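Step one of this worksheet: look at the structure below.
Residue numbers (the numbering used here), protein chains in the order written: chain A, 1 to 146; chain B, 147 to 292; chain C, 293 to 747; chain D, 748 to 1202.
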């Protein structure tokens, strides 16, 4: 059987209950927090993509010198296929220009180039030559020039 | 497949995350609050018995004069059967002595007396003559003499 | 067949996953970014994201799906239903890459996908079709047919689908107008304005026949399904097998015709022949060259697994049974639990499922990708679950289904569950053998009852 | 029968609730204070709390249960299994209050509940029983029997149960000691120190026969179940039907004997005759005068609902089928999903279930009272769910069961699911026909493998 969604004073509820929790949630390391009351419920979910990629980014960030963090662009695969490094190979820590081809994803015999967006420095390499990659998979982290 | 319960620093986690939430939970009107992190989860549940009985008690409490509240004993059925009022009938607001028989639950032809515990005043009558009652069902609220 | 890629989502992806695992074959799931946490991803042995949420860029993304098969080492693809299941070009691309497409040949898909071709093949095979014309070249041809067959008649587009280019004509004076507008609509929708005429059967029953054929000449005719309980949009809502109140002569003729049709098409793998039932007569409507949503009712009464049979056939093996092995047992009903509001013309809903309690016990099978906390994305089909009840007879199947629906608790989106309980306890449905006009009539009746109650 | 009170909890209370609803009979649940939020309470039409958590004060509280029936207007009580199901006195009390006890007569319960009486009746009916003695009056009688039948022999208490008053004796010099200690233990446990001797069958198979009988002389023999997969405590864990690797002669003889036994007892309603299987021979062990946990495997292969048949019989109706209507189809297996840790001698667990994802798809039936967020209280049986797989043959049933168990996600308590997957993929189990010593041997083997892996 189905639940009925009765109208309640959502705004009032938010003021009274939700804001402090949202603050607490923001300050915490929680990835999900759900609250369930008789007449209403809510859930906070921190948008994370739990993958090797984000772990690497986090690890990289920890090792970085304690300066003001610079933005990191993630270059991701936009097709499914096998990643191949372009020569000359761009190495970790190397500055790269915008639109520089770092490699390509080979799919059904077609080379789909993987290019740098904004110019910067290669901060992370998530992929190796010959690795299979899926749609949206992070390939490189580029610390953007400021 | 089954989850594995890995050992984690439970005490540390409690200090860092749980206590503030428990405090917030205590201060709130929430009946359930659940938190779910990658490596651990917890849930606070406020023990309530949502039934006509508690609603009545609450209603009675709201209508009561704004004095320091006096404790209310709930006289409950300890057998399943049909409730019968004992004569003379004890009315709402009437003082009753300890062990006073307010009625009985008739079950399989046996009269199971319903008696007042501590002396006081009848603050609530949850049951009518001839009502079927289940085990543990609240029958009367007695505002205890202090 | 070393590994199967499942090019679908939702319950059918899980259904195929189960069949593969039952045969010990590892699986590869594909998913869109909206389905990352879906059950079909969790239950497969491997999974590849093939695109963003919109189907056109993920579940219909042929290059990414083929590429996922190639790099995962999958040597076969099961398309499920919908999406790429009846795409002849996709079947060809699979073949060109050395991947087994688990389904019929591209030629069979193509032939049955073109209504005029399909009808011609069936006529040649002696399959009864609705009296009708070839492509009409001019108004006079149309007039002559309608005068002979009698009004009402139906104008249909040869490239048609989804009601586009279709017009019912009830009187001679409406014919010219209808012909022009149908042709224009078909031209706009399909780039092909050719139309033909058919005798319109008022309120037929939807009776379909499940078939299975292997590459060794083995053919199984797996009885009929009655799918007459359809929404006003002609989408099926409740299906059952066997069809109620059909005569032995009707069945015998139907099965014989189905066998001839399979032979005429040279059909291999699982398919369904759809017919309009009109009293003791039936007319071929179309052939679906894929596994269908409602296949479980056939599985239940014949104790056969149609999807493992699909896999066997695709491996080049013979079907596991012969026609003589098969005996229908009892009665089965399927209800589609959709995230839809029947009171608002079955408008689809999306959301997060707060509570999911599924039914169980004797005679109840559940096929679903739901779990508590799962998300119903707005991008795809609104079907959440299929509940199938099997009983010794129709009455027991219905009792079990009603009980199962009453046990079902889904909170977070509105579903078709309460509405289907109303239908399954309606005396007209209980009597059996309703036509496709039944559900629209029921909706009107129901609305009147509610309006009267509200006064 | 206007309304049925279900004097039980958990999955069997839901099972009975389903059968009543399938026949259109309203239900009354009873529950302890620990089960207030249980599914059997939610699914019944009415519910009464009958006592606090401990069973002795709630599910065994006869006055409160009878009173709940009387004040709710229930004119019949189904006892499920366990609790009051084989309590002849309870059946009598029901009768005295004009309530139909859905089960056999108090006399039949009492006769089969006393092992010596049950054995005497069976011997008279020509049912093979383990060679044994009457109650032994002295050591000489015992010596004489053991010498004749050959060691090992088993000392059993006539009032026995749960292994109390039971001793295996492997050599003459152990006999006197064992006899004394068994008698003392029985006296302490049951207030009845009488014992008898039986030939000990080493590692028999547990083969049982499902029977159903009505008040009109109708008797159905519903084949056998093999329940040899038992924990070291002799509790069943995995059951199947039909029993693997049994000869046609064995079956024919078994079913004939079962029919004679039902007639001899004048038995009415559902019951199970348990036998020890020893090669081509079998010996009566005991008769359970109730529906059993593992009844669904029989239901699946015979497409019959044993609980609705129980209700029909209790209403005085004839059984819905005759023996000639019944033909076993395929193979069915049941796995008991218990909240237990097999690695810790199956120690029971309690807790709140954080995640509950149950299996589905073709051939899978789930009987459970679980839902996400439900509580497993520490007071009762640790069984959480029964998963039943039905397939065309044993291999398909096993494949489906393994797939279903792999789909099952229960978080919050440890369960027997991973362990049962190990058993169901073990070559010795797959070969079929293992004896009751198999699972204890498997556990030892498994422990050795783990120990070796840990080195």
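For glycine and all other residues, C-beta sits at the position ideal for the given N, C-alpha and C. Everything numeric in this text was worked out from a predicted model, so none of it was measured.
Here DSSP, grouped into helix, strand and coil, assigns residue 253(B) to strand. Residue 779(D) has 798(D) as its beta-bridge partners, per DSSP. DSSP links residue 967(D) through a beta bridge to 959(D). According to the DSSP assignment, residue 1045(D) belongs to no beta strand (DSSP E) but to the alpha helix (DSSP H) extending over 1042-1049.
Going by DSSP, residue 759(D) is part of the alpha helix (DSSP H) stretching over 757-769. Contact check for residue 757(D) against residue 780(D) fails: the beta carbons are separated by 9 Å or more. DSSP places residue 884(D) in the coil class of the three-state scheme, outside both helix and strand.
Here residue 1091(D) is exposed: its Cβ has fewer than 16 other Cβ atoms, across all protein chains shown, within 10 Å.
Taking a contact as a CB-CB distance under 8 Å, the pair residue 378(C) and residue 647(C) does not count as one, their CB atoms being some 36 Å apart.
With 16 or more other Cβ atoms inside 10 Å of its own Cβ, residue 299(C) counts as buried.
Here the C-alpha atom of residue 695(C) lies approximately 38 Å from the C-alpha atom of residue 271(B). Beyond the five residues adjoining it in sequence on each side, residue 353(C) comes within less than 6 Å, by CB distance, of 342, 343 in the same chain, given in chain order. A check of alpha carbon separations from residue 108(A) across 79(A), 141(A), 95(A), 139(A) identifies 79(A) as the nearest.
Put simply, the CB of residue 1147(D) is near chain C, with a gap under 9 Å to one of its CB atoms. Put simply, the CB of residue 795(D) is near chain B, with a gap under 9 Å to one of its CB atoms. The DSSP assignment places 675-683, 701-703 as complete runs of the beta strand (DSSP E) inside the stretch 664-737 of chain C, in order along the chain (cut-off: 3 residues). Using a Cβ distance threshold of 9 Å, residue 311(C) and residue 603(C) count as a contacting pair.
With at least 16 other beta carbons inside 10 angstroms of its own, residue 520(C) counts as buried. Contact annotation: in the stretch 1080-1114 of chain D, residues whose CB is within less than 8 Å of a CB in chain C are 1102, 1103, 1104, 1105, 1107, 1108, 1109, 1110, 1111, 1112, 1113, 1114. Per the C-alpha coordinates, the member of 729(C), 723(C), 684(C), 677(C) positioned closest to residue 707(C) is 677(C).
At least one beta carbon of chain D lies nearer than 9 Å to the beta carbon of residue 695(C). Residue pairing by DSSP places residue 944(D) opposite 902(D) in a beta bridge. At a cut-off of 9 Å between beta-carbon atoms, residue 702(C) makes no contact with chain D. Residue 436(C) sits exposed, since fewer than 16 C-beta atoms from the chains shown fall within 10 Å of its C-beta.
The three-state secondary structure of residue 89(A), taken from DSSP, is coil.
Between the alpha carbons of residue 411(C) and residue 764(D) lies a distance of about 51 Å. For the C-beta of residue 1118(D), the chain C residues within less than 7 Å are, from N- to C-terminus, 649. Any Cβ of chain A closer than 9 Å to the Cβ of residue 360(C) would place that residue at the interface, and such an atom is present.
Taking C-beta atoms as the reference points, residue 515(C) and residue 542(C) fail to come closer than 9 Å.
Interface with chain B (9 Å Cβ-Cβ cutoff): residue 780(D) is included. At a cut-off of 9 Å between beta-carbon atoms, residue 283(B) makes contact with chain D. Counting the other CB atoms within 10 Å of its CB gives residue 658(C) a total of 16 or more, which places it among the buried residues. In this structure residue 749(D) is exposed. Its beta-carbon is surrounded by fewer than 16 other beta-carbon atoms within 10 angstroms.
The residues 863, 943, in chain order, have a CB closer than 8 Å to that of residue 881(D) in the same chain once the five nearest residues on each side in sequence are set aside. Within a 10 Å sphere around the beta-carbon of residue 259(B) sit fewer than 16 other beta-carbons, which makes this residue exposed. Of all residues in the stretch 251-274 of chain B, only 253, 254 place a beta-carbon less than 7 Å from a beta-carbon of chain D.
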